[in-house]
Amino acid sequence: MKFNMFTKALAGGVALSAMLTGVALADPAVIYDLGGKFDKSFNEAAYNGAEAWKAETGGSFLDLELQNDAQREQALRRFAGQGANPIVMAGFSWTAALTAVATEFPDTNFVVIDTVVDAPNVQSIIFDEHTGSYLVGVLAALKSETGTVGFIGGMDVPLIHKFYCGYAQGAKAANPDIKLIENYTGTTPAAWNDPVTAGELAKAGVDAGADVIFAAAGGSGLGVLQAMKDAGKFSIGVDSNQNYLQPGSVLTSMVKRVDVAVKTALTEAADDATFKPGLTIMGLAEDGVGYAVDDNNEALLTPEMIAAAEDYKAKIIAGEIAVHDYTTDSTCPL
Amino acid sequence: MSARRPIPRWADVALLPAINLLLALIVSGLVVLFVGENPFHAIQVIIYGAFGYGEGVGYTLYYATNFIFTGLAVAVAAHAGLFNIGGDGQAYVAGLGAIVVALALDQTHWLIAMPLAVIAAGAVGGFWAFVPGWLQAKRGSHVVITTIMFNFIAAALMVYMVNRVLKPASTMAPESETIDVAGRVPQLRQFFSFFGYSPVNLSIVIAIAALIGVYILIWHTKFGYAMRVLGQNPTASRYAGISNSRMIMITMTISGALAGMVAINEVMGVQNRLVLDFVAGAGFVGIAVALMGRNHPIGIALAAVLFGALYQGGQELQFVIPGITREMIVVIQALVILFTGAMEGLFRPALERAFMLFSPEQKADAIAASTAKTES
Numbered sequence: 002m003k004f005n006m007f008t009k010a011l012a013g014g015v016a017l018s019a020m021l022t023g024v025a026l027a028d029p030a031v032i033y034d035l036g037g038k039f040d041k042s043f044n045e046a047a048y049n050g051a052e053a054w055k056a057e058t059g060g061s062f063l064d065l066e067l068q069n070d071a072q073r074e075q076a077l078r079r080f081a082g083q084g085a086n087p088i089v090m091a092g093f094s095w096t097a098a099l100t101a102v103a104t105e106f107p108d109t110n111f112v113v114i115d116t117v118v119d120a121p122n123v124q125s126i127i128f129d130e131h132t133g134s135y136l137v138g139v140l141a142a143l144k145s146e147t148g149t150v151g152f153i154g155g156m157d158v159p160l161i162h163k164f165y166c167g168y169a170q171g172a173k174a175a176n177p178d179i180k181l182i183e184n185y186t187g188t189t190p191a192a193w194n195d196p197v198t199a200g201e202l203a204k205a206g207v208d209a210g211a212d213v214i215f216a217a218a219g220g221s222g223l224g225v226l227q228a229m230k231d232a233g234k235f236s237i238g239v240d241s242n243q244n245y246l247q248p249g250s251v252l253t254s255m256v257k258r259v260d261v262a263v264k265t266a267l268t269e270a271a272d273d274a275t276f277k278p279g280l281t282i283m284g285l286a287e288d289g290v291g292y293a294v295d296d297n298n299e300a301l302l303t304p305e306m307i308a309a310a311e312d313y314k315a316k317i318i319a320g321e322i323a324v325h326d327y328t329t330d331s332t333c334p335l
Numbered sequence: 022m023s024a025r026r027p028i029p030r031w032a033d034v035a036l037l038p039a040i041n042l043l044l045a046l047i048v049s050g051l052v053v054l055f056v057g058e059n060p061f062h063a064i065q066v067i068i069y070g071a072f073g074y075g076e077g078v079g080y081t082l083y084y085a086t087n088f089i090f091t092g093l094a095v096a097v098a099a100h101a102g103l104f105n106i107g108g109d110g111q112a113y114v115a116g117l118g119a120i121v122v123a124l125a126l127d128q129t130h131w132l133i134a135m136p137l138a139v140i141a142a143g144a145v146g147g148f149w150a151f152v153p154g155w156l157q158a159k160r161g162s163h164v165v166i167t168t169i170m171f172n173f174i175a176a177a178l179m180v181y182m183v184n185r186v187l188k189p190a191s192t193m194a195p196e197s198e199t200i201d202v203a204g205r206v207p208q209l210r211q212f213f214s215f216f217g218y219s220p221v222n223l224s225i226v227i228a229i230a231a232l233i234g235v236y237i238l239i240w241h242t243k244f245g246y247a248m249r250v251l252g253q254n255p256t257a258s259r260y261a262g263i264s265n266s267r268m269i270m271i272t273m274t275i276s277g278a279l280a281g282m283v284a285i286n287e288v289m290g291v292q293n294r295l296v297l298d299f300v301a302g303a304g305f306v307g308i309a310v311a312l313m314g315r316n317h318p319i320g321i322a323l324a325a326v327l328f329g330a331l332y333q334g335g336q337e338l339q340f341v342i343p344g345i346t347r348e349m350i351v352v353i354q355a356l357v358i359l360f361t362g363a364m365e366g367l368f369r370p371a372l373e374r375a376f377m378l379f380s381p382e383q384k385a386d387a388i389a390a391s392t393a394k395t396e397s
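If you're matching them up, the sequences are chains A and B in order.
The first sequence begins at 2 in the numbering used here and counts up by one.
The second sequence begins at 22 in the numbering used here and counts up by one.
Structure below.
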């Protein structure tokens, strides 16, 4: 009886696999990182980009959330084997898996965000988070009345140090006497989603004299924004434009246009004629990173502050100011 | 009235888990139905994904390898009356031992690197469990508290080690250097193409050896006997001249070393580098595996394969039925853990009563037993 059920299930499975391999899906695929599709931050930006592409073109896409690291290669092979093209990956942990799989599927176009994989069919998109952070650092230093600004990172990893390092350089450039307070929410991936701890760190920062705090902490950043609002001080959002979350308190947001990158990738990489394998850098010049100004924070930024930020931006683009990138040598000279 | 007799052994080891599993699947089915998908189709996909084709079987066995190690770790401690819930942390720090040896010897041969890495991972994992064991034995700090606290210490330590010590400056992701091909544990697919691209590797041989080793240790050695005496009655073991504190420390070390073997599978067999959080909760699944497997190696092997199948089948489910999200799969896995692990005794009283009803012999025994009690 039991055996009978099992064989039936097996037979059903075989039929299923025939169905799966028989139909070649030309839909593109988006694979999120372990943070999950709706993290209100990085992965969600990728999702929003894909949704924007869908709304504009009327196409459809496949997507997948991972549960653990061992599934990376499995997911790539699965989608590539189904004929999904292009396959877009969000996250810096894809390097090893993509390096292995890209050569097995030379006809599939891969796009990876936040890391670099050197293969003829891979486009690697990197954001200049340090220059964007530099500009919000300038704004923070100009806004601060106490001469102390804070930074609260999510998980203590090099990528977040890159944010901090750019931010600190910008703040120092605008005010050489500025005092900086650097904090990280935690050391495990849970630190991306711990608004309570991050909020407590923000309160401690306020007690130590900080009146502007930059939260580069994914979902934890919401706690910082709330705490600064409660204290009547200012915060800076990250990745998406978070100005609307606490209007009047969020000074600006360091936007990283992952959504634009995904949307562009889905459009361009589908066709070999427009696909751009190799390294793509999304910096200030490409509007890949920057600071957000909208109705919610216009009143907080004086024209002088905007002018100063624009001035630094032009100088960085022109190469007159070189912002140090923490991830190149794991140090932050200030 | 209190003459309820224990259910027969076959019912305890086979029927009860089967009922629990069935119930878990029914409740999961209702959840699947609730999100508007066909539960029968879903279960079919899970079974096919886990056992229907070579690569799926490979993935199932790969997950099962981890769960065997962590399940055995919990079981060994449980036989001595200790509840080691720090398998996650012990496996995590063991990665340190594995990666250091593997990177140092990856220019030689895996036959040299693997045994030494097994020793190193076992030593580091064992040490991580020895400290709570020592605290329990000498200072009376309860292992349940200390082992779970050590999970957090392990997480913090590993983030520091990976980011600041092991990570090459050129890589972005928090991970160590990659182990050279010569130092990696060979994949089973190199011998049997059946397994497709799945990451099941020779670590499974260590897992099988560990299953046999634990069986011999617990039921066929003096040490195992002392362990079980301690587990069943610490006062009696003390009276019999067994040093309880020594037993606690050694048992915890063995338990930690077993959990540490996860690092061989993950670091040397699958990822070929040390990544953050590579254990991915296997230590906690091990608790459910040991509970469901009744702390017996055969039971643990079967339960580990079941949970491996759930992990791999769950992943398959996400590919085939887009309506079922990652969170849904976690819900299904959690239901199985809940019913087979945490609430495994739910149906025991009912089963005991049912067996008494249907077995006249047992009923007569029971009546005899209860009359004997009232008379005396």
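Cβ coordinates follow ideal geometry from the N, Cα and C atoms, glycine included.
Remember, predicted model here, so these are calculated numbers, not experimental data.
Task: Interface partners of residue 87(A) on chain B, CB under 7 Å - done: Position 86 of the first sequence, counting from 1, holds the residue named residue 87(A). Those do not exist, as residue 87(A) stays about 18 Å from chain B at its closest Cβ, beyond 7 Å.
- [ ] Report yes if the C-beta distance between residue 107(A) and residue 267(A) is below 9 Å; otherwise report no.
- [x] In the first sequence, residue 107(A) corresponds to position 106, counting from 1. In the first sequence, residue 267(A) corresponds to position 266, counting from 1. Judged by beta-carbon spacing, residue 267(A) lies beyond the 9 Å limit of residue 107(A), meaning their Cβ atoms are not closer than that value.
Open item on the list: Judging by CA-CA distance, which residue of 171(A), 155(A), 73(A), 232(A) is the nearest neighbour of residue 306(A)?
Closed with: Mapped onto the first sequence, residue 306(A) falls at position 305. If we check each option's Cα against that of residue 306(A), 171(A) comes out closest.
Task: Interface flag, residue 49(B) vs chain A, CB-CB below 9 Å - done: Within the second sequence, numbered from 1, the residue matching residue 49(B) stands at position 28. No - not a single Cβ of chain A is within 9 Å of the one on residue 49(B).
- [ ] Could you check the C-alpha separation between residue 137(B) and residue 122(B) for me, to the nearest Å?
- [x] As a working mapping, residue 137(B) is identified with position 116 in the second sequence. As a working mapping, residue 122(B) is identified with position 101 in the second sequence. Put simply, the backbone Cα of residue 137(B) is about 7 Å away from that of residue 122(B).
Task: Outcome for residue 255(A) when other beta-carbon atoms lying within 10 angstroms are tallied against a minimum of 16 - done: Mapped onto the first sequence, residue 255(A) falls at position 254. By the neighbour-count definition (other C-beta atoms within 10 Å, threshold 16), residue 255(A) is a buried residue.
- [ ] Check each residue of the segment 27-54 of chain A: if its Cβ is closer than 7 Å to any Cβ of chain B, include it; give the result in chain order.
- [x] Listed by position along the chain: 37.
TODO: In the DSSP assignment, find the unbroken alpha helix (DSSP H) run with residue 269(B) in it and report its ends.
DONE: The sequence position of residue 269(B) within the second sequence is 248, counting from 1. Residue 269(B) -> alpha helix (DSSP H) spans 265-284.
TODO: Please specify which runs of the alpha helix (DSSP H), each continuous and at least 4 residues long, are wholly inside the segment 131-190 of chain A, giving them in chain order.
DONE: Entirely contained in the segment 131-190 of chain A, the alpha helix (DSSP H) runs reaching 4 residues are, in chain order, 159-175.
TODO: Note down the Cα distance separating residue 95(A) from residue 130(B), rounded to an integer number of angstroms.
DONE: Position 94 of the first sequence, counted from the first residue, corresponds to residue 95(A). Position 109 of the second sequence, counted from the first residue, corresponds to residue 130(B). For residue 95(A) and residue 130(B), the distance between alpha carbons rounds to 28 Å.
- [ ] Identify every residue that forms a DSSP beta bridge with residue 128(A).
- [x] Within the first sequence, the letter at position 127 stands for residue 128(A). Answer is 283(A).
Open item on the list: Going by the DSSP bridge assignment, what does residue 64(A) pair with across the sheet?
Closed with: Locating residue 64(A) in the first sequence gives position 63, counting from the first residue. 31(A).
- [ ] On the DSSP bridge assignment, give the partners of residue 257(A) in chain order.
- [x] Sequence index remark: in the first sequence, residue 257(A) carries index 256 (1-based). Note: residue 257(A) sits in a beta bridge opposite 290(A).
Task: Euclidean distance between Cα positions of residue 186(A) and residue 174(B) - done: Within the first sequence, residue 186(A) is the residue found at index 185, counting from 1. Within the second sequence, residue 174(B) is the residue found at index 153, counting from 1. Between residue 186(A) and residue 174(B), the alpha-carbon positions lie close to 15 Å from each other.
Task: Near-chain B residues of the segment 56-70 of chain A (beta-carbon distance less than 9 Å), N- to C-terminal order - done: Taking 9 Å as the Cβ-Cβ cut-off, the segment 56-70 of chain A approaches chain B at 63, 64, 65, 66, 67, 68, 69, 70, given in chain order.
TODO: Give me whichever residues DSSP pairs with residue 208(B) in a beta bridge.
DONE: Within the second sequence, numbered from 1, the residue matching residue 208(B) stands at position 187. As computed with DSSP, residue 208(B) is found in a beta bridge with 222(B).
- [ ] Go through its chain and collect everything with a Cβ distance to residue 130(A)'s Cβ below 7 Å, but skip five positions before and after it.
- [x] Within the first sequence, the letter at position 129 stands for residue 130(A). Closer than 7 Å at Cβ, skipping near neighbours: 163, 164, 167, 257, 290.
Open item on the list: Any beta carbon from chain B within less than 9 Å of residue 72(A)'s own beta carbon?
Closed with: Locating residue 72(A) in the first sequence gives position 71, where the first residue counts as 1. By this cut-off, residue 72(A) is an interface position.
Task: CB contact below 9 Å: residue 90(B) versus chain A - done: The residue you call residue 90(B) lines up with position 69 of the second sequence. It does not; no Cβ of chain A falls within 9 Å.
Open item on the list: On the DSSP letters alone, give me the boundaries of the beta strand (DSSP E) that residue 238(A) sits inside.
Closed with: To locate residue 238(A), count along the first sequence from 1; it is residue 237. 235-240 is the extent of the beta strand (DSSP E) around residue 238(A).
TODO: Can you grab the Cα-Cα spacing for the pair residue 292(A) / residue 76(A), in whole Å?
DONE: Position 291 of the first sequence, counted from the first residue, corresponds to residue 292(A). Position 75 of the first sequence, counted from the first residue, corresponds to residue 76(A). Going from the Cα of residue 292(A) to the Cα of residue 76(A) covers about 35 Å.
- [ ] Report the three-state DSSP secondary structure of residue 364(B) (helix, strand or coil).
- [x] Taking the first residue of the second sequence as 1, we reach residue 364(B) at position 343. For residue 364(B), the secondary structure class from DSSP, reduced to helix, strand or coil, is coil.
Open item on the list: For the ligand NAP, is there any heavy atom lying closer than 8 Å to the beta carbon of residue 297(B)?
Closed with: The ligand NAP is not part of the structure shown, which contains no ligands of any sort.
Open item on the list: Just to confirm the assignment, what range does the beta strand (DSSP E) spanning residue 114(A) have?
Closed with: One-based indexing of the first sequence puts residue 114(A) at position 113. Run containing residue 114(A): 111-114, per the beta strand (DSSP E) assignment.
Open item on the list: In the DSSP output, what is residue 196(B) paired with across the bridge?
Closed with: The residue given as residue 196(B) occupies position 175 in the second sequence. Partner(s): 296(B).
- [ ] Compare the Cα-Cα distances from residue 283(A) to each of 296(A), 128(A), 273(A) and report the closest residue.
- [x] Here the question's residue 283(A) lines up with position 282 in the first sequence. Comparing C-alpha distances from residue 283(A) to each of 296(A), 128(A), 273(A) shows the shortest one belongs to 128(A).
Open item on the list: DSSP three-state label for residue 334(A), please.
Closed with: Counting from one through the first sequence, the residue named residue 334(A) turns up at place 333. Secondary structure of residue 334(A) (DSSP, three-state): coil.
Task: Identified DSSP bridge partners for residue 215(A) - done: On the first sequence, position 214 is the one that residue 215(A) refers to. In DSSP, residue 215(A) forms a bridge with 152(A), 237(A).
Open item on the list: Within 10 Å of its beta-carbon, does residue 240(A) have 16 or more other beta-carbons around it, so buried, or fewer, so exposed?
Closed with: For the purposes of this step, residue 240(A) is identified with residue 239 of the first sequence, where counting begins at 1. Residue 240(A) should be labelled buried.
Task: chain C contact for residue 97(A) (CB, 9 Å cutoff) - done: Within the model displayed, chain C is absent; protein chains A and B are what it includes.
- [ ] Could you work out which residues of chain B lie near residue 190(A), taking near to mean beta carbons separated by less than 8 Å?
- [x] Here residue 190(A) refers to the residue found at position 189 when the first sequence is read from its first residue. Result: 297, 298.
Task: Straight-line gap, residue 262(B) to residue 27(B) (C-alpha atoms, nearest Å) - done: What you label residue 262(B) is simply residue 241 of the second sequence in a count that begins at 1. What you label residue 27(B) is simply residue 6 of the second sequence in a count that begins at 1. If you take the alpha carbons of residue 262(B) and residue 27(B), they lie about 32 Å apart.
Task: Beta carbon proximity, residue 158(A) to chain B, threshold 9 Å - done: As a working mapping, residue 158(A) is identified with position 157 in the first sequence. Yes, residue 158(A) counts as interfacial toward chain B.
Open item on the list: Please report whether the beta-carbon of residue 116(A) lies at a distance below 9 Å from any beta-carbon of chain B.
Closed with: Residue 116(A) sits at position 115 when you count from the first residue of the first sequence. Yes - at least one Cβ of chain B is within 9 Å of the one on residue 116(A).
- [ ] Compare the C-beta of residue 331(A) against all C-beta atoms of chain B and say whether one is closer than 9 Å.
- [x] As a working mapping, residue 331(A) is identified with position 330 in the first sequence. Residue 331(A) belongs to the set of residues whose beta carbon lies under 9 Å from a beta carbon in chain B.
Task: CB contact check: residue 340(B) to chain A, cutoff 9 Å - done: As a working note, residue 340(B) is residue 319 in the second sequence. Judged by the 9 Å Cβ criterion, residue 340(B) is in contact with chain A.
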